[in-house]
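Below is one structure, written out as structure tokens; comments come after it.
See below:
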């Protein structure tokens, strides 16, 4: 019946072909083996400082000067006391490594190699109990994601880091220098960059 | 078969109801309104643009179909549909690119060029398919048209 329009089989074949074509030309922003065919995705895999795309630059966040300030300290507050760490002091603590992705809710994700102080080691250093949550504040003066909170399931995870290095180099300013959060299984927007304060909450 | 269909309907309706329940219990009223506007936009886009356009193209193909090999109109229709879907995906990228991307790692692609190449590839494949159908009909011309 050629006059009745597209047959069901032809319609299904058309939709299937279009789906395959669209996946093949966009999923390469995340999947390495489709990378050569990525022509329609908003991101390109590995395109960005230190091989990692960006969502928000230091200039957009308004932290360029604050993050470069030599007087920067990471303050960890617990039980009425505050302890401030310089970047060198953090780097002198036992370092942990993690291979974790920035998984952006915009649709891209890129895995990277991170190195820094394990959050649980840092919390232990200030005497926080093992079931504590962490409330993290960024240097960012404003913005919906200048703070983030992680429950004990993340704060205790050995892969959750206060990261100082990315892919074997000092963390780029755009990726959160002097220090940022990286934790497994969390959306990119709560992997807070340019952190300045961690509050322990029991 | 019937049991499988009933099971699929029950699962589908159940999931939709659960989604609706989450929408109204987990979201603020302005967020629910935004969802309603988004869904209404899809209906307007479909009824005002997609349906008339596809009806016009389909009518044109049916009129031309008599002069083409069997199946050619279907192939051309499929090519146009795939091209339209790709275009719908790419147009927002072009608009965002024209507005100026947030940083150099966003929207770095040559989307207009890639879209042109995609349409060209679709045209070439459809033309090759129609040519193959034509060749098939010339080898077996006896089959009557229904």
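Chains as they are written, first to last, in my numbering: chain A, 1 to 202; chain B, 1001 to 1146.
In this text, a Cβ means the ideal position worked out from N, Cα and C, and glycines have one as well.
Note that the coordinates shown come from a computational prediction; the quantities given were computed from them, not determined experimentally.
C-alpha gap between residue i and residue j, whole angstroms
{"i": "residue 63(A)", "j": "residue 10(A)", "result": "55 Å"}
{"i": "residue 1022(B)", "j": "residue 1030(B)", "result": "15 Å"}
{"i": "residue 183(A)", "j": "residue 189(A)", "result": "11 Å"}
{"i": "residue 1125(B)", "j": "residue 1036(B)", "result": "40 Å"}
{"i": "residue 1090(B)", "j": "residue 1025(B)", "result": "35 Å"}
{"i": "residue 126(A)", "j": "residue 167(A)", "result": "28 Å"}
{"i": "residue 195(A)", "j": "residue 1129(B)", "result": "58 Å"}
{"i": "residue 1067(B)", "j": "residue 1076(B)", "result": "13 Å"}
{"i": "residue 1048(B)", "j": "residue 1122(B)", "result": "26 Å"}
{"i": "residue 1054(B)", "j": "residue 137(A)", "result": "52 Å"}
{"i": "residue 1045(B)", "j": "residue 1081(B)", "result": "16 Å"}
{"i": "residue 198(A)", "j": "residue 15(A)", "result": "50 Å"}
{"i": "residue 19(A)", "j": "residue 1102(B)", "result": "28 Å"}
{"i": "residue 1071(B)", "j": "residue 1098(B)", "result": "40 Å"}
{"i": "residue 1132(B)", "j": "residue 1059(B)", "result": "24 Å"}
{"i": "residue 121(A)", "j": "residue 80(A)", "result": "19 Å"}
{"i": "residue 26(A)", "j": "residue 1096(B)", "result": "17 Å"}
{"i": "residue 88(A)", "j": "residue 60(A)", "result": "27 Å"}
{"i": "residue 1134(B)", "j": "residue 1063(B)", "result": "18 Å"}
{"i": "residue 1088(B)", "j": "residue 1061(B)", "result": "22 Å"}
{"i": "residue 181(A)", "j": "residue 164(A)", "result": "9 Å"}
{"i": "residue 32(A)", "j": "residue 110(A)", "result": "10 Å"}
{"i": "residue 1013(B)", "j": "residue 1050(B)", "result": "27 Å"}
{"i": "residue 1140(B)", "j": "residue 1127(B)", "result": "20 Å"}
{"i": "residue 1052(B)", "j": "residue 1092(B)", "result": "22 Å"}
{"i": "residue 1033(B)", "j": "residue 1040(B)", "result": "10 Å"}
{"i": "residue 12(A)", "j": "residue 145(A)", "result": "42 Å"}
{"i": "residue 1104(B)", "j": "residue 34(A)", "result": "22 Å"}
{"i": "residue 7(A)", "j": "residue 1100(B)", "result": "43 Å"}
{"i": "residue 1017(B)", "j": "residue 91(A)", "result": "52 Å"}
Three-state class that DSSP yields for residue i in the structure shown
{"i": "residue 1066(B)", "result": "coil"}
{"i": "residue 187(A)", "result": "strand"}
{"i": "residue 96(A)", "result": "strand"}
{"i": "residue 1060(B)", "result": "helix"}
{"i": "residue 62(A)", "result": "coil"}
{"i": "residue 135(A)", "result": "strand"}
{"i": "residue 1027(B)", "result": "coil"}
{"i": "residue 166(A)", "result": "strand"}
{"i": "residue 33(A)", "result": "helix"}
{"i": "residue 152(A)", "result": "helix"}
{"i": "residue 118(A)", "result": "strand"}
{"i": "residue 109(A)", "result": "strand"}
{"i": "residue 43(A)", "result": "coil"}
{"i": "residue 85(A)", "result": "strand"}
{"i": "residue 1105(B)", "result": "coil"}
{"i": "residue 21(A)", "result": "helix"}
{"i": "residue 2(A)", "result": "Note on residue 2(A): pLDDT 45, under 50, position unreliable in the model; the coordinate value appears next. In this structure, residue 2(A) counts as helix in the three-state DSSP scheme."}
{"i": "residue 76(A)", "result": "strand"}
Option nearest residue i by Cα separation, candidates the options
{"i": "residue 1109(B)", "options": "15(A), 37(A), 33(A)", "result": "37(A)"}
{"i": "residue 135(A)", "options": "129(A), 147(A), 126(A), 141(A)", "result": "147(A)"}
{"i": "residue 222(A)", "options": "1094(B), 1129(B), 1130(B), 1045(B)", "result": "In the structure as shown, chain A starts at 1 and stops at 202, and residue 222(A) therefore has no counterpart that could be examined."}
{"i": "residue 100(A)", "options": "162(A), 18(A), 73(A), 43(A)", "result": "162(A)"}
{"i": "residue 44(A)", "options": "33(A), 28(A), 156(A), 59(A)", "result": "28(A)"}
{"i": "residue 192(A)", "options": "70(A), 102(A), 59(A), 84(A)", "result": "102(A)"}
{"i": "residue 97(A)", "options": "169(A), 173(A), 199(A), 17(A)", "result": "169(A)"}
{"i": "residue 115(A)", "options": "60(A), 179(A), 86(A), 56(A)", "result": "179(A)"}
{"i": "residue 72(A)", "options": "84(A), 12(A), 78(A)", "result": "84(A)"}
{"i": "residue 1107(B)", "options": "137(A), 54(A), 18(A), 197(A)", "result": "54(A)"}
{"i": "residue 160(A)", "options": "185(A), 119(A), 129(A)", "result": "119(A)"}
{"i": "residue 47(A)", "options": "112(A), 87(A), 76(A), 82(A)", "result": "112(A)"}
{"i": "residue 1083(B)", "options": "1011(B), 1051(B), 1120(B), 1104(B)", "result": "1120(B)"}
Spatial neighbours of residue i in its chain, beta-carbon cut-off 6 Å, leaving aside the 5 residues before and after
{"i": "residue 93(A)", "result": "117"}
{"i": "residue 105(A)", "result": "187"}
{"i": "residue 177(A)", "result": "67, 171"}
{"i": "residue 203(A)", "result": "Missing from the structure shown is residue 203(A); chain A here goes from 1 to 202 and no further."}
{"i": "residue 95(A)", "result": "115"}
{"i": "residue 57(A)", "result": "174"}
{"i": "residue 1065(B)", "result": "1073"}
heavy atom of the ligand SAM below 7 Å from residue i C-beta
{"i": "residue 141(A)", "result": "You won't find the ligand SAM in this model; it holds no ligand whatsoever."}
8 Å Cβ shell around residue i - same chain, five flanking residues per side excluded
{"i": "residue 1027(B)", "result": "1035"}
{"i": "residue 1136(B)", "result": "1069"}
{"i": "residue 22(A)", "result": "40"}
Spatial neighbours of residue i in its chain, beta-carbon cut-off 7 Å, leaving aside the 5 residues before and after
{"i": "residue 132(A)", "result": "123, 152, 155, 200, 201, 202"}
{"i": "residue 128(A)", "result": "78, 200"}
{"i": "residue 108(A)", "result": "29, 30, 43, 53"}
{"i": "residue 3(A)", "result": "Summary for residue 3(A): the model assigns pLDDT 48, below 50, so the residue's position carries little reliability, and this model does not support an answer."}
{"i": "residue 157(A)", "result": "183, 184"}
{"i": "residue 1112(B)", "result": "1094"}
{"i": "residue 1(A)", "result": "Confidence at residue 1(A) is low in this model, with a pLDDT of 38, below 50, so the placement of that residue should be treated as unreliable; the coordinate-derived value is given next. Excluding residues within five positions, none has a Cβ falling inside 7 Å."}
Contact with chain E by residue i, beta-carbon distance below 8 Å
{"i": "residue 1123(B)", "result": "Considering every chain present, this structure includes no chain E. Its protein chains are A and B."}
| query | Per the contact definition of three or more C-beta pairs closer than 8 Å, is the region 141–158 of chain A in contact with the region 1003–1010 of chain B? | reply | no
| query | Contact between the region 64–83 of chain A and the region 1102–1116 of chain B: three or more CB pairs below 8 Å? | reply | no
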